[in-house]
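The block underneath contains the structure these notes are about, expressed in structure tokens.
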Amino acid sequence: MHLIDWLIAIVPVVFIISIAVYSKKYVRGVVDYLAAGRVAGRYVICAGDLTAGLSVITLVGLVEAKYQVGYALTFWEYLTVPVWIVMGLTGFCVYRFRETRSLSIGQFLEMRYNRPLRIVAATIRTLAEMVTNAIGPAVAANFFIYFLGLPHEVMVMGVALPTFTLVVTSSLALCMLIIWPGGRISLLISDAFQGLMSYPIFVIIAGYIYLHFGWHDTIGPVMIDRVDGESFINPFDIEKLRDFNIFALFVTIMGSILNRASWIGNDTSTSGRTPHEQKMAGILGTWRSLFAGLMMLLVAVMIIALMTHGKFSSEAHDIRSELTEKVAMESVPDLEARAGLEHSLAQVPIPRHEIGVDAPLSQDHNIDTPYIAAARDALSGTPEGNQQFQKFRTLYHQMMLPVALKNLLPTGLMGLFLLLMIMLLISTDDSRVFNASSTIVQDLIVPFIKEPLTPKQHLLLFRLCSLAVCIFFFVVSIFFVQIDYIIMFTTMMTALWLGGAGPIMVFGLYSRFGTTTGAFGAIIFGSGFSLIGLFLQRNWAEVVYPWLERNNWSHSVGSFLETVSSPFNPYVAWEMSAVKFPINSYEMYFMAMCSGIAAYVLGSLITQKEPYNLDRLLHRGEYDVANEYKEPFKWSVHNAFKKLLGITPEYTRGDKIITWSVFGYAIIYKFCLCFLGVLVLNLFSPWSDEAWSQYFFITSLVVTGILGIVSTFWFLIGGVIDLRKLFRDLASRIDDPLDNGMVEGHVSLADKAAFEAREHKSEED
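1487 is the number of the first residue of the sequence shown in the working numbering; add one for each residue after it.
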């Protein structure tokens, strides 16, 4: 790292921390600390959500997954476009949740069901969320260690300290520097600044990758060079891909609909000035992330090309040698075992693969196979060795990205990429720590406090709880061993909540059907199923499989699993293994969601005596004391399409232009033209791999690149204007008295005013 790189990375980070500390002056109550006073505009929310949604672990996980399946599945991912667009345009769940005026999911659950469910659900949700997010600092710490070439241990005053521990501590300390002063206001402002700074970095990095790795001479040929059934470029030739396949995509779509509201309630989804402004922020999300997605996808395919193409064979071997050496030191603590592993890895010759001459590559036989095989032969054979091999294989695939970038990026770009990763680390970890701490305070602590907290007490409780969550993240990061793909791990961990949360939230928001018994049933069966799956995955190599072997059950259980999964082959194939649980996380998640739905419906059918009063929950009819309720939409031939777009009378001309632009790009261009049109053409006349390569080049790089540059300038201008308005609105309220919102801090000033107006009207009547 050159001095220039360090300056590029450090100076903006110091500015961001200063902004977060400065924002403390705008905090005048719990609603400000928890929901940024509900004065945020659409572009501020969008820019903040961009960096809060992306993260180091997101990029590492994407590269890890794409390295296994390539580009072909991207075509089928267009199926998600209408799902996300319709949910965004209609404000599915988000708008209705905002109508409940809840500042947390727990408060909503108590309003819709009862307090015990609130406490149980909040506990499960928070634990699942915290354990899932706690590996973020761990993955990020490893990323920086490998990217900067840091040793695994450093000497401090004669004491050898693990570098990993120091980096995790530093990252969490940065989180607290952002959170402590102003809570959600600090997060919103700092994340917005980071988002605006990230846009030009996305453009620069994407441009460098495209110019350094040509599509037609490097990336395209590498994607084409795969065996039948495992294509990296032809979406009609991927039936043999395992883990990240069509079935996983189906589960993702199902989960995105069913669990649309399951994480809502304590992020920026409560910070908008109005429900409409919050909805528009969601619609703008389509344009917000165009270049971010392009940059991340280019990074993924760049790694595939760099580590596979013959002209980079020497560089790739050097990268793998450095990678395996550092991974061996981290995954194998025993010196003798590590020496044997390093000896086996040193015997692997420089792999040379010539496209068109050598046999095409596959998931089982590729350039990484000799390295993985050498590690398996050196380590496996015992339960401890099997787990060490799992950790070696996991780190090998995850840390390939930082080691490759370390050896590839020139001075200047190293600093920009380091800055981007630090910003993604800060914006993601602080949001996740704050979300968890606010849930704990609002749903697990405050309900048990009999005396109302003063504003200062409430804010101190938030800050101390955030510190406690950081300590929890630290402990999990240090001691928790992640032995599966990142996306698989996060899917399984979040399924502890999402397995049963979907029907609870969707039925709770949209239906008069559903009881507390049904909700508890969904948690017991949906989340319980996920817990069993998590136990089996985590303890398979060390505990479960050896136990099956000792009881001579491994063969019979393996035969049973193969028989059950055979009708769904090759998309679902359960094969017995001593190293890994045969059922992957997506398959467990699917079964958990089905169990949760069935339990909710059956439990509610048995116990429901009368329909739930949904008007009271949504403040409609006689409960509309703030006069915010809009008349129901009247369907007709002329306005049906507007309804599908989610256009309401409160839309301005600019809002309609934004909505139609999103619809035109996502539905007409991406879904109808790029997906349905191409799908029909291939049903009658299948394209060659070369044609698919050209298709992805035009649609994913050229068109997305042009639109991404336009949207970058658009959001930079809109974000600056919105930030000025945000600061002006916050400054205008500095002299207002300190406000606690309500006993639990759940109701904004507008809600209090509405309540007082209702009381005054009652007295007059």
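Glycine included, every Cβ here is placed at the ideal spot set by N, Cα and C. Computed from a predicted structure; not experimentally measured.
With a CB to CB cut of under 6 angstroms and the five nearest residues on each side skipped, what residues in its chain are close to residue i?
i     : result
T2185 : C2160
I1990 : A2005, A2008
I1503 : L1663
F1594 : T1586, S1588
V1542 : A1626, F1629, M1907, L1910, L1911
Y1529 : G2204, G2205, D2208
V1955 : V1919, A1922, S1923
So who's on the other strand from residue i, going by DSSP bridges?
i     : result
E1639 : P1648
Is residue i buried or exposed, if buried means 16 or more other CB atoms sit within 10 Å of its CB?
i     : result
V1497 : exposed
N2038 : exposed
L1894 : buried
T2145 : buried
A1495 : buried
T1897 : exposed
K2142 : exposed
E1481 : Outside the modelled stretch of the chain, which goes from 1487 to 2251, sits residue 1481, for which no answer is possible.
S2045 : exposed
L2209 : buried
M1643 : exposed
A1987 : buried
P1667 : buried
With a threshold of 8 angstroms on Cβ separation, who are the neighbours of residue i within its own chain once the five nearest residues in sequence on each side are excluded?
i     : result
V1818 : R1824, L1827, L1865, Q1874, F1878
L2047 : W2060, E2061, M2062, P2068, I2069
L1992 : Per the sequence presented here, residue 1992 reads as Val, with Leu not at that position. Excluding residues within five positions, the ones whose Cβ falls inside 8 angstroms are C1579, L1744, R1746, A1747.
E1870 : E2028
S1800 : I1836
How is residue i classed by DSSP in three states: helix, strand or coil?
i     : result
G1669 : coil
A1526 : strand
L1847 : strand
R1712 : strand
G1700 : coil
G1515 : strand
H1488 : coil
Q2094 : coil
A1747 : coil
C1661 : helix
I1494 : helix
L1501 : Residue identity differs from the one stated: residue 1501 is Phe in this sequence, not Leu. In this structure, F1501 counts as helix in the three-state DSSP scheme.
S2045 : helix
K1936 : coil
S2081 : helix
T2001 : coil
P1896 : coil
G1577 : coil
E2140 : A small correction: the amino acid at residue 2140 is Gly; Glu does not occupy that position in the sequence shown. Residue state, collapsed to three classes: helix.
Could you give the residue range of the alpha helix (DSSP H) that holds residue i?
i     : result
H1803 : 1799 to 1817
E2035 : 2031 to 2036
H1829 : 1821 to 1832
P1989 : 1972 to 1996
M1781 : 1776 to 1794
Y2155 : Counting along the chain, Y2155 falls outside any alpha helix (DSSP H), and DSSP gives it neither H nor E.
C1956 : 1941 to 1965
D1916 : 1899 to 1925
Y2109 : Where Y2109 is concerned, there is no enclosing alpha helix (DSSP H), given that its DSSP letter is neither H nor E.
S2016 : 2014 to 2025
D1854 : Segment: none, D1854 is in no alpha helix (DSSP H) and carries neither H nor E.
I1543 : 1542 to 1555
Q1874 : 1869 to 1884
F2067 : Neither: F2067 is in no alpha helix (DSSP H) and is coded neither H nor E.
T1760 : From DSSP, T1760 is part of no alpha helix (DSSP H); its letter is neither H nor E.
Y1581 : 1580 to 1585
V2166 : 2164 to 2170
K2211 : 2190 to 2217
T1466 : There is simply no residue 1466 to check, as the chain begins at 1487 and stops at 2251 in what is shown.
W2173 : Unbroken run through W2173: none, as it is neither H nor E.
Can you list, in chain order, the residues of its chain whose CB lies under 7 angstroms from that of residue i, leaving out five sequence neighbours each side?
i     : result
L1776 : T2190, L2193, G2194, S2197
R1584 : P1761, Q1764
I1769 : G1574, L1575, I2144, T2145, V2148
L1809 : Y1882, M1885, M1886, V1889
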